[in-house]
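> Dropping a structure here in structure tokens format, bear with me for questions.
Number of protein chains: 4
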Amino acid sequence: MATFNESAAGVYLITVTPFTSDGALDLDSTDRMVDSYLERGVDGLTILGIMGEATKLTGEESRIFAGRVIDRVNGRVPVIVGASAPGFAPMRELTLSVMAMGAAGVMVAPAPTLRTDDQIVAYFDMVAETLGADVPWVLQDHPVSTGVQMATSVILKILANCPTCVMLKHEDSPGLAKLSAIRAASARGEVRRVSILAGNGGGLFLPEELSRGADGAMTGFAYPEMMVDVCRAHAAGDVDMAHDIFDAYLPLARYEQQTGIGLAVRKHIMAERGMIASATVRRPGPKLSATDIADIALLTRRQQRRLREIGQPS
Amino acid sequence: MATFNESAAGVYLITVTPFTSDGALDLDSTDRMVDSYLERGVDGLTILGIMGEATKLTGEESRIFAGRVIDRVNGRVPVIVGASAPGFAPMRELTLSVMAMGAAGVMVAPAPTLRTDDQIVAYFDMVAETLGADVPWVLQDHPVSTGVQMATSVILKILANCPTCVMLKHEDSPGLAKLSAIRAASARGEVRRVSILAGNGGGLFLPEELSRGADGAMTGFAYPEMMVDVCRAHAAGDVDMAHDIFDAYLPLARYEQQTGIGLAVRKHIMAERGMIASATVRRPGPKLSATDIADIALLTRRQQRRLREIGQPS
Amino acid sequence: MATFNESAAGVYLITVTPFTSDGALDLDSTDRMVDSYLERGVDGLTILGIMGEATKLTGEESRIFAGRVIDRVNGRVPVIVGASAPGFAPMRELTLSVMAMGAAGVMVAPAPTLRTDDQIVAYFDMVAETLGADVPWVLQDHPVSTGVQMATSVILKILANCPTCVMLKHEDSPGLAKLSAIRAASARGEVRRVSILAGNGGGLFLPEELSRGADGAMTGFAYPEMMVDVCRAHAAGDVDMAHDIFDAYLPLARYEQQTGIGLAVRKHIMAERGMIASATVRRPGPKLSATDIADIALLTRRQQRRLREIGQPS
Amino acid sequence: MATFNESAAGVYLITVTPFTSDGALDLDSTDRMVDSYLERGVDGLTILGIMGEATKLTGEESRIFAGRVIDRVNGRVPVIVGASAPGFAPMRELTLSVMAMGAAGVMVAPAPTLRTDDQIVAYFDMVAETLGADVPWVLQDHPVSTGVQMATSVILKILANCPTCVMLKHEDSPGLAKLSAIRAASARGEVRRVSILAGNGGGLFLPEELSRGADGAMTGFAYPEMMVDVCRAHAAGDVDMAHDIFDAYLPLARYEQQTGIGLAVRKHIMAERGMIASATVRRPGPKLSATDIADIALLTRRQQRRLREIGQPS
């Protein structure tokens, strides 16, 4: 399988967590979801992120879900586990537990209380120490959810300080300039090169991020084949085809990125596609209206038509 | 001209404020910009909003710019002026001044410190009193910039309390459900019907907002013809054509909506199109890189091609 | 023992969580701390709050600590457990676990994402359902930590909707007017009377809160006897003595309320007083400087002198 | 008069802005307030700060008020003017205008949008350029109102970059460690020594700040003599007397620091003392209840009694 290290590339999909209609963990759907992602060609899975409703699970449920995913994947691709936590003790507990199950690494975002450059750098020194010398990890840069803005110089310092950090999930906005700056610093030999996967919601800037030097995508979307196909076309040098594919999915990807109901949209489509049994989002969470569902149906039909027009499977 | 009242419909464009390359107000470009907007068929102009860099102008500059726009428009369409201010005295001062020049009304967003429902309702009671009985105004609902979330019930109460509020600039997200709920309340006779213009950035949800009962759009984009053409196709009942036009512009509209550099992107394209002389954003503000500009060029070429494919002028 | 219900009164102390100098749970100090609080006459204990470093504990550690406190208290006073959590499943898991151990109830603050009145009311409907019909709970109103402002009308609605909510931990600021308004609503028969304990940091407004109708205090301070003695003097009708005692402790209480280092100050004093073995705050957390410690020593000496002057034990 | 430069020391009082009972600028009270402050021995005045309701004034009112204060002071002490603004053009406009009237300098806080260290440093480079080479200014460090946390290293860099910055208004919390660190850096010759005035609300940490090397206070309180007397006792080496005076005023100073109603409390007391004619706070602003006013009366009586006990004028 592809190894989770500084050379990782392709699509690491942010998975949802399937629930039954009464809100219980749905482990059968978990298997089905894993299979459907792998069939579509993803190169890794990232579980227990924000879109995985991680904070709504008990500790026990988190471990059961992680174990089920890792077992089902069975070594075919790396599985990364979201381990951000308000304290280091729970971060370490979850990390030890999932690494023992066979996870390839974990992902950590800065604590929302951090403000100054030095505070952020010091925090990740403690994170690296907490995770231990054997656990490779992803640095998640997502100011919209954390409120923490990490300057390029801060990210470079974290990479210099923490050899176990092998990947950046890049989802700052405006992030294209930052992505270019990090790659330029590597090119000048100022910092080792790590894997950078584009994380902006639903891959909404994926073609541009790939052109700036991203190695792929780490994000979620009800049509993971979009990310896979865009990355492959781009890797094959066909930038125009990468854009054509991206543009065909963009209206629906945009609709799925609505604040608040985005996850409900994603799970609705996944249930429609048979990837999970129920679209249930755990409370407190939104429900789609009939009009929302009609919107999605219209956008899906238009997407299929457009994909056929450009000669893509739909 | 179209009247600015509860029946207003179509596209009220959020204008930029043109500066010369050394950062001075560019009044010649102001004329040119007004002309170029009106030639493209907009139904109104909204000046001195966030994207108009209002807070970077002196009081005197605000009055000069407003006067120039109003003079150039010369009654052809209504001109609305952003009047949000941390205090009521400056709000009143600017309002009196621009109404005397011929503005059709003003736009006010909730103060960022407001939290509870009652605080918000009470605030707009004071706003209405401050503006006076003769000044029609737009209620701007933009939680991303204000941090204030107004429940549907709060908006209905403001409309009930303040007869001079004639329009809602709807840019909450998720906002489609709120838009549907407000229209349903009017349909049930619970509240008078006001104009609702869709304000989500760059019109990124315009087709869906029109289907939910929006009367048009109040937002900005370097291609205002997108909003005009989408609204016209939709009004003519051709929803599919509305989507086709929208989708053709969407990749560039999305690029223009990047946090931080969005306004620089918009002004760059407007300068390229000859709508203003310089793309200058006043300090502190971003500058585009050569790579950003190359991105825009690629997206613009693709947009033109796609517009031709669907039989639209490009 | 005093029952934890709508009639609860006196001082419910917010406890710290003692750690050894290498950061492990210190269960011997836990016993010593419990004893020292009870000897000083507190009427209840509240554990695993913000000042109890709850988010820095693993699930297992939380249960061990709660069990140890409850065992040591051995029914002499009610023990309340902080159960705020980003999701309902972990909230329910912790609640069931500590209630089975003998906790008297739990405490829940609004989730930081809540904004509108209806969102807050709906959230606590779900909280009450999650906790179940047999678990009495404290509503924590602490906007400084949550960012959520609950209007008086919202609190009254929560009390009306949720019969299992028996106590309000009142720590809004400005809160005196809110406290008066809630008591007035009860007096008018608009809402059942619940216990209100004053929670403003270190009891910094305790005399005024008691005069407005608070039944006591729920907060922390290295000198819990301050709250006990102020409440007793006030209950005995000697408002002036209540103020005298309060004023004697105020300079140090103020020093302990510094953002960021407050908990380190509290634990330092508690270690000095022999209530816990080590002043350790778990990482990431502050350390006191020699100058900080000198400040505390000076304030403590002055406090003792002043207490003697007014005839209080010091 | 005392010069406003890097050696400034003593008490620079943050003034209120007096309004008549119908909300108009009260220029007679402005004169009376200036006189009453100067009679109590303050060393400077700072106008148009947050507690001066600056954002509620029109540009014209700001200039009229500043002019009146400066005229009345008539060169006896330096007058500093709050010039923070969302844009540089209005900042420059106000600065030029008040400097021409005879202001000694201006005060600027970081824009609330700033996050990373480099952004903050770059911002103040632009501020210094905007103000010009002849305008000395105060750097205001008040994270509670701005949301911007400036690391010690950032402040040192600003002082290095901007020779016209001559004073720090220190009101971070926890700020004692920062204050010590800045003084230590000066002592080591790493940065020039500037004046540091303690700004924490109402001087609530004044004795400790003076011990850490603050040159005085820049804050407001209805009893400015507290700050004057504490600073004088401290400067005379009588730290214990400084604390005695401080402690006598602390219960009322604390009451005046309540979020939301603090300014109303301050203006109420000032009106009671005859320093201004009306306690009016401009809308939107709080009103005191009868119970609030009774609280203040009780605290004032106790304060007078305690001042007599320690041999101070009351």
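Just so you know, the protein sequences line up as chains H, W, P and L, in that order.
Those letters in the first sequence? Residues 0 to 313, per numbering that gives the first Met the number 0, in order.
Those letters in the second sequence? Residues 0 to 313, per numbering that gives the first Met the number 0, in order.
Those letters in the third sequence? Residues 0 to 313, per numbering that gives the first Met the number 0, in order.
Those letters in the fourth sequence? Residues 0 to 313, per numbering that gives the first Met the number 0, in order.
Positions of the beta carbon are idealized from the N, C-alpha and C atoms, including for glycine.
Note that the structure is predicted; figures quoted are calculated from it, not measured.
(1) Return helix, strand or coil for Val134 of chain H, following the three-state DSSP convention.
(2) So does the segment 41-59 of chain H actually touch the segment 69-84 of chain H, counting three or more Cβ pairs closer than 8 Å?
(3) Can the beta-carbon of Ser57 of chain L be found less than 7 Å from the beta-carbon of Ala88 of chain W?
(4) Pick helix, strand or coil for Ala108 of chain P, following the three-state DSSP scheme.
(5) Taking the alpha-carbon positions, what's the Leu203 of chain W to Ile63 of chain H distance?
(6) I believe Val153 of chain L touches Asp116 of chain L by the beta-carbon criterion, under 8 Å. Please report the beta-carbon distance rounded to the nearest angstrom.
(7) Residues of chain L with CB closer than 8 Å to the CB of Thr54 of chain W, please, in chain order.
(8) Provide the residue span of the alpha helix (DSSP H) that contains Tyr248 of chain W, from first to last.
(9) Closer than 9 Å between beta carbons: that is the criterion. Which residues of the segment 173-199 of chain H meet it against chain W?
(10) Can you round the beta-carbon distance between Val15 of chain W and Met269 of chain W to whole angstroms, since I take them to be within the 8 Å contact cut?
(11) Taking 7 Å as the CB-CB cut-off, is Gly51 of chain L touching chain W?
(12) Would you say Thr258 of chain H lies against chain W (beta-carbon separation less than 7 Å)?
(13) Run through chain L and tell me which residues come within less than 7 Å of Gln148 of chain H, C-beta to C-beta.
(14) So what does Ala216 of chain H bridge to, in DSSP terms?
(15) For the segment 230-261 of chain P, which residues have a CB atom closer than 9 Å to at least one CB atom of chain H, in sequence order?
(16) Is there a Cβ from chain W that is less than 7 Å from the Cβ of Glu207 of chain H?
(17) Which same chain residues, not among the five before or five after Ala213 of chain L, have their C-beta less than 6 Å away from its C-beta?
(18) Under 8 Å by Cβ, that's how I've got Leu158 of chain P and Val193 of chain P pegged, so tell me the actual separation to the nearest angstrom.
(19) Just to confirm the assignment, what range does the beta strand (DSSP E) spanning Gly43 of chain P have?
(20) Whose C-beta lies closer than 7 Å to the C-beta of His242 of chain P among residues of the same chain, with five residues either side of it excluded?
(21) I need the boundaries of the alpha helix (DSSP H) containing Val190 of chain L, first residue and last residue.
(22) Check whether the Cβ atoms of Thr279 of chain L and Phe18 of chain L lie closer than 7 Å to each other.
(23) Hey, does Met125 of chain L have any beta-carbon neighbour from chain W nearer than 7 Å?
(24) Among the candidates W:Ala7, W:Met98, W:Leu167, whose CA atom is the shortest distance from the CA of His141 of chain W?
(25) So, does the segment 213-230 of chain P touch the segment 252-262 of chain P, judging by three or more C-beta pairs under 8 Å?
(26) How many angstroms separate the CA atom of Tyr36 of chain P from the CA atom of Leu12 of chain P?
(27) Reducing DSSP to helix, strand and coil, say where Asp228 of chain W ends up.
(28) In the DSSP assignment, find the unbroken beta strand (DSSP E) run with Asp169 of chain W in it and report its ends.
(29) Would you identify the three-state DSSP class for Ile79 of chain W, choosing helix, strand or coil?
(30) Ser152 of chain P versus chain L: which residues are under 8 Å apart at the beta carbon?
(31) On the premise that Ser83 of chain H lies in contact with Ala103 of chain H, defined as a C-beta separation below 8 Å, what is that separation, rounded to the nearest angstrom?
(32) For Leu113 of chain P, which of helix, strand or coil comes out of DSSP?
(33) Could you give the first and the last residue of the continuous alpha helix (DSSP H) run that contains Gly66 of chain P?
(34) What are the partner residues of Phe87 of chain W, as DSSP defines its beta bridges?
(35) Give me the Cα-Cα distance between Thr94 of chain H and Ser210 of chain H, rounded to the nearest whole angstrom.
(36) For a cutoff of 7 Å on Cβ pairs, would you count Arg62 of chain L as touching chain W?
Looking at the atomic coordinates:
(1) coil
(2) yes
(3) Checking the displayed sequence, the identity of residue 57 of chain L turns out to be Thr instead of Ser. In this structure, Ala88 of chain W lies closer than 7 Å to Thr57 of chain L by Cβ.
(4) coil
(5) 39 Å
(6) 5 Å
(7) Ala84, Pro85, Gly86, Pro89
(8) 238-255
(9) Pro173, Gly174, Leu175, Ala176, Ser179
(10) 7 Å
(11) no
(12) yes
(13) Arg114, Thr115
(14) H:Val10, H:Ala197
(15) none
(16) yes
(17) Ile195, Ala197
(18) 6 Å
(19) 43-46
(20) Pro206
(21) Note, Val190 of chain L: premise wrong, no alpha helix (DSSP H); not H, not E.
(22) yes
(23) yes
(24) W:Leu167
(25) yes
(26) 8 Å
(27) helix
(28) Checking the sequence shown, residue 169 of chain W turns out to be His, not Asp. From DSSP, the beta strand (DSSP E) with His169 of chain W extends over 164-169.
(29) strand
(30) Simply none; closest approach about 17 Å.
(31) Actually they do not touch by this definition, with Cβ atoms about 17 Å apart.
(32) coil
(33) 58-72
(34) Per DSSP, none; premise fails for Phe87 of chain W.
(35) 33 Å
(36) no
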